[in-house]
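Residue numbers (my numbering), protein chains in the order written: chain C, 1 to 335; chain P, 1 to 279; chain R, 1 to 317.
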């Protein structure tokens, strides 16, 4: 297990270097003069131009710039936002909890519902339950989720008026920000209706964001279960006269969960892409929306820094899932 | 009264090319304490018949028989819960691929003690002791440490011994061994067969040995049933079968033993005649 | 429960003349040719057949759109702004699915949009498949440091969330349909590279490859003629998956304003324009999305059918 962990950690290093390289190259790949790009429509005077060139080091040779860039990263300097003049890292940390809260709720919902549906479909293979759940899952990941979000808004917010259209909390609620998680902070504040408001705002975005992972997890669980159900050791389990619930719930599921853990991990990357769309539609103040806004505002330092931070985060999550897989699979854990 | 009595068993499956009858009108009986060998080539339905007895066939299989009696009780008519009480306690089965037969996610000890927990009243400590006893009885060295091993940490032969331990844990009256040594080394084969026979005599179990190896049959069986294409061709005690086979298929099988090869070629089963369909 | 006893007349082991059992009766069941067998399994799934049918219809619509669309997709009818679908109260028969904010017929725009979506899928899959297979073949076959390097690069691309990477690429290249297609191809390519490499590694040491090599086959021949055909099944399935991903991603980029630009009637771009009419004109929002859903769903159904057909483990009798 130790060797597995170490090997996984080692594999990360070159990939990490690679993503810094890509982030670095990104700004320099943009057509046009980098300083003018950052200045935007306002333009800069020639003196200011030279000043900025020197300040950002654009006049130095490429490799030198890259080394400086890595040096800055190691000091926690991911650049500065041109529009807010704040450090990129600070902006990221301010918005990250919003996305994290949404993503966590979504993945929990997707896992619980998805695994249950997958087991049910596998056990009742060929029945109408199997067909119905798998059809629903198929529709789930065939839909453009931004359209799905709009439909849900039309139904629940506009027509029925049950849920709000945007934001994380009602504008009338003010309470101190402790963790950055609305659900927790609203509870801690003790204000009446705060938690309820936070929950209401969270429901639709969570459902939208959870849809694709739920569908994929359901299908994967079903297929993993089916494969396990055909194994010889399942016959052994049944030949012992064990109850069906034990045979399925323990003997089969424990084995089926191994590939499903990997699937859940892969969905994190999908979640980030989905978060971009979801946050845009629901005006959710997370890093997805931040990236979109920055791209359209041409706030390129933000785009570069954000890209790197998001990729790094996804890599860390993947590493965690990899290690989790090693724990869950006895062939890896006990050599 | 025979321990296991099967009359006119038919098992069929729905496939891409139509309905496939794996077993056609099979009659079989096994007496308490005897060793019955079921021989046949691949596709003869020998495993399927025994899986039907254990109740291990998938739901897509259609099983019907005039009678399937275990100790006089019609097991086909039993409700599933009753049938599950029989499996593991009165009748048990071991399979062809030993490592694949054990659940890779649980230790060997867990899998043995699970059977004990299901069918006996032993407490945890007693189950553990019994599990060690069983491992010792099947010839696993250092049984106490082995309790915590996973299947992938053991060899094929050792896994088969564990399977035998699991199967005999509650001293069943009938043990079905479906080609238990086919996937093992020749040297290990003999050890496993010897173990099975020893346990069979010790516990007074009936042993149904499914195999395609006539040599094994000669050494271990009391009686032999020969199957071909889902039908029983011949059923006789082992000496009679070898000395005076009635059925041309049996004669062809015996002729196909390597010892009988002349001119450097094995005789084929072809053109040895036809056998009358039973009425 | 009693079953009908097996009919001796239909049992190939029984000799029809004498009613006796042939002891050398050959295979128990007649084998069928692989193509017939695959088609049989494919059509066993009603979903797959349905998907195929819908997809064919989409292709037909896309090809024939200029002739069968009721209106020109670019024409704006000033007197018919935001007209609801024909079956509703204020609808008009001339505009079956209604009109958008500047009076263009939605049905015609959707039909023309099919051309773009299918084109996107085709182009993206072709580029990603071809480059991915090439890269994966080289990595798997050559092995060693080349393999490690190539796989690192693939991992780096996969480390980024795909939509985000595509967005950034389009930001660099400039918004537009063609750039969107390029960006999505790049993002999808590692899947094919990985699949191919994995399959090549699995097949490389098999006996038939060694046999071909001993018989004198050169490297190129080994890669393309001997090994590749045996790796096709997962690639085919991945291709259908990527086809639908491409359509969805292109629509997402269009929705965010980074893909096909207005007035191109790409379905995602249509949804971007429709966003402000959520409360007032639901049909402008619903219709293009339904088109995306129908197309992607049909492709995924086909993909499922193909996976079930080509995956031997799932063939259960």
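In this text, a Cβ means the ideal position worked out from N, Cα and C, and glycines have one as well.
(request) Would you list the residues sitting across from residue 210/P in a DSSP beta bridge? (result) Along the second chain, one-based indexing puts residue 210/P at 210. In the DSSP output, where bridge partners are listed per residue, residue 210/P has 38/P and 178/P.
(request) Grab me the residues of residue 216/P's own chain with a C-beta within less than 6 Å of its C-beta, minus the 5 sequence neighbours each way, in chain order. (result) Taking the first residue of the second chain as 1, we reach residue 216/P at position 216. Contacts found: none.
(message) Please state the DSSP three-state secondary structure of residue 327/R.
(response) Since the displayed chain R opens at 1 and closes at 317, residue 327/R lies outside it and no answer follows.
(message) Could you tell me the alpha carbon to alpha carbon distance between residue 291/C and residue 28/C, rounded to whole angstroms?
(response) Along the first chain, read from residue 1 onward, the residue named residue 291/C stands at position 291. Along the first chain, read from residue 1 onward, the residue named residue 28/C stands at position 28. In a straight line, the C-alpha of residue 291/C is about 18 Å away from that of residue 28/C.
(request) Tell me whether residue 298/C sits in a helix, a strand or coil according to DSSP, three-state version. (result) Taking the first chain and counting its residues from 1, the one referred to as residue 298/C is at position 298. Residue 298/C falls in the coil class under three-state DSSP.
(message) For residue 85/R, which residues in the same chain have their Cβ closer than 7 Å to its Cβ, ignoring the five residues on either side in sequence?
(response) Counting from one through the third chain, the residue named residue 85/R turns up at place 85. Here the set comprises 91, 96, 97, 98 and 283.
(request) Return helix, strand or coil for residue 307/R, following the three-state DSSP convention. (result) What you label residue 307/R is simply residue 307 of the third chain in a count that begins at 1. DSSP places residue 307/R in helix when its eight states are reduced to three.
(request) Report the residue from 185/R, 239/R and 171/R whose alpha carbon sits nearest the alpha carbon of residue 196/R. (result) Numbered from its first residue, the third chain carries residue 196/R at position 196. Here the closest residue by C-alpha is 239/R.
(request) Using a cut-off of 9 Å between C-beta atoms, extract the partners of residue 118/P located in chain C. (result) The sequence position of residue 118/P within the second chain is 118, counting from 1. The answer, in chain order, is 240, 241, 242, 243 and 246.
(message) Quick check for students: name the residue ranges of the beta strand (DSSP E) that lie wholly in the region 48-121 of chain P, counting only runs of 3 or more.
(response) 62-64, 67-70 and 91-94
(message) Buried or exposed, going by whether 16 or more other CB atoms sit within 10 Å of the CB of residue 103/P?
(response) The residue labelled residue 103/P in the question sits at position 103 within the second chain. Per the 10 Å Cβ criterion, buried.
(request) Count the other C-beta atoms from every protein chain shown that fall within 10 angstroms of the C-beta of residue 73/P, then say buried if there are 16 or more, exposed otherwise. (result) On the second chain, position 73 is the one that residue 73/P refers to. Answer is exposed; the Cβ neighbour count stays below 16.
(request) Run the CB neighbour count on residue 103/C, radius 10 Å, all protein chains shown included, and call it buried at 16 or more, exposed below. (result) As a position in the first chain, residue 103/C is number 103, starting the count at 1. Label assigned to residue 103/C: buried.
(request) Would you give the residue range spanned by the alpha helix (DSSP H) that residue 339/R belongs to? (result) Absent from the structure is residue 339/R, since the part of chain R shown begins at 1 and ends at 317.
(request) Assign residue 62/C to buried or exposed, taking buried as 16 or more other Cβ atoms, counted over all protein chains shown, within 10 Å of its Cβ. (result) Residue 62/C sits at position 62 when you count from the first residue of the first chain. That one is exposed.
(message) Can you give me the C-alpha to C-alpha distance between residue 208/C and residue 148/C, rounded to a whole angstrom?
(response) Position 208 of the first chain, counting from 1, holds the residue named residue 208/C. Position 148 of the first chain, counting from 1, holds the residue named residue 148/C. Answer to the nearest angstrom: the Cα atoms are 7 Å apart.
(message) Quick check on residue 172/P - is its C-beta less than 8 Å from some C-beta in chain D?
(response) Included in the structure are the protein chains C, P and R, with no chain D among them.
(request) Put residue 222/C into one of helix, strand or coil per three-state DSSP. (result) Translated into positions along the first chain, residue 222/C becomes position 222. It is helical.
(message) Here's a check: name, in chain order, each residue in its chain whose Cβ is nearer than 7 Å to the Cβ of residue 54/R, leaving out the five neighbours to either side.
(response) Within the third chain, the letter at position 54 stands for residue 54/R. Hits under 7 Å: 294 and 298.
(message) Buried or exposed, going by whether 16 or more other CB atoms sit within 10 Å of the CB of residue 121/P?
(response) Here the question's residue 121/P lines up with position 121 in the second chain. Exposed, since its Cβ has fewer than 16 Cβ neighbours within 10 Å.
(request) With a cut-off of 8 Å on the beta carbons, I'd call residue 48/P and residue 87/P a contact; round off their distance for me. (result) Counting from 1 along the second chain, the entry for residue 48/P is found at position 48. Counting from 1 along the second chain, the entry for residue 87/P is found at position 87. Actually they do not touch by this definition, with Cβ atoms about 17 Å apart.
(request) Round the Cβ separation of residue 132/P and residue 147/P to the nearest angstrom and send it over; I've been treating them as touching at under 8 Å. (result) As a first step, residue 132/P must be located in the second chain, where it is residue number 132. As a first step, residue 147/P must be located in the second chain, where it is residue number 147. Yes, residue 132/P and residue 147/P are in contact; Cβ-Cβ is about 7 Å, under 8 Å.
(message) Please state the DSSP three-state secondary structure of residue 223/P.
(response) The residue given as residue 223/P occupies position 223 in the second chain. Note: residue 223/P maps to strand in three-state DSSP.
(message) Here's a check: name, in chain order, each residue in its chain whose Cβ is nearer than 7 Å to the Cβ of residue 109/P, leaving out the five neighbours to either side.
(response) Your numbering for residue 109/P matches position 109 in the second chain. Result list for residue 109/P: 131, 147 and 148, in chain order.
(request) Express the C-alpha separation of residue 172/P and residue 218/P in angstroms, rounding to a whole number. (result) The residue given as residue 218/P occupies position 218 in the second chain. The residue given as residue 172/P occupies position 172 in the second chain. C-alpha separation (whole angstroms): 25 Å.
(request) Confirm, please, whether the CB-CB distance from residue 172/R to residue 204/R is below 8 Å. (result) Along the third chain, read from residue 1 onward, the residue named residue 204/R stands at position 204. Along the third chain, read from residue 1 onward, the residue named residue 172/R stands at position 172. Against a cut-off of 8 Å, the Cβ pair of residue 172/R and residue 204/R comes out as no contact.
(message) Just verifying my parser: in three-state terms, what is the DSSP assignment at residue 234/P?
(response) Taking the second chain and counting its residues from 1, the one referred to as residue 234/P is at position 234. Residue state, collapsed to three classes: strand.
(request) Report the rounded CA-to-CA distance for residue 50/P versus residue 231/R, giving the unit in angstroms. (result) Translated into the one-based positions of the second chain, residue 50/P becomes position 50. Translated into the one-based positions of the third chain, residue 231/R becomes position 231. Distance between the alpha carbons of residue 50/P and residue 231/R: 38 Å.
(request) Check each residue of the region 89-101 of chain C: if its Cβ is closer than 8 Å to any Cβ of chain R, include it; give the result in chain order. (result) none
(request) Between the Cα of residue 57/P and those of 161/C, 295/C, 326/C and 232/C, spot the shortest distance and give me the residue it belongs to. (result) Counting from 1 along the second chain, the entry for residue 57/P is found at position 57. That would be 232/C, whose Cα lies nearest to the Cα of residue 57/P.
(message) Give me the residue from 36/P, 2/P and 177/P with the minimum Cα distance to residue 235/P.
(response) Taking the second chain and counting its residues from 1, the one referred to as residue 235/P is at position 235. Checking every option, the nearest Cα to that of residue 235/P belongs to 36/P.
(request) Find the residues of chain C that neighbour residue 300/R, judging by a C-beta separation of less than 7 Å, and give them in chain order. (result) Within the third chain, numbered from 1, the residue matching residue 300/R stands at position 300. Correct list: 138 and 142.
(request) With a threshold of 16 other CB atoms inside 10 Å of the CB of residue 244/C, please say whether the residue is buried or exposed. (result) Walking along the first chain from the start, residue 244/C turns up at place 244. Its Cβ having fewer than 16 others within 10 Å, residue 244/C is exposed.
(message) What would DSSP say about residue 24/P, mapped onto helix, strand or coil?
(response) The residue you call residue 24/P lines up with position 24 of the second chain. In the structure shown, residue 24/P sits in a strand (DSSP, three-state: E or B).
(message) In the DSSP assignment, the beta strand (DSSP E) including residue 8/P goes from what residue to what residue?
(response) On the second chain, residue 8/P is found 8 positions in, with the first residue counted as 1. Run containing residue 8/P: 4-15, per the beta strand (DSSP E) assignment.
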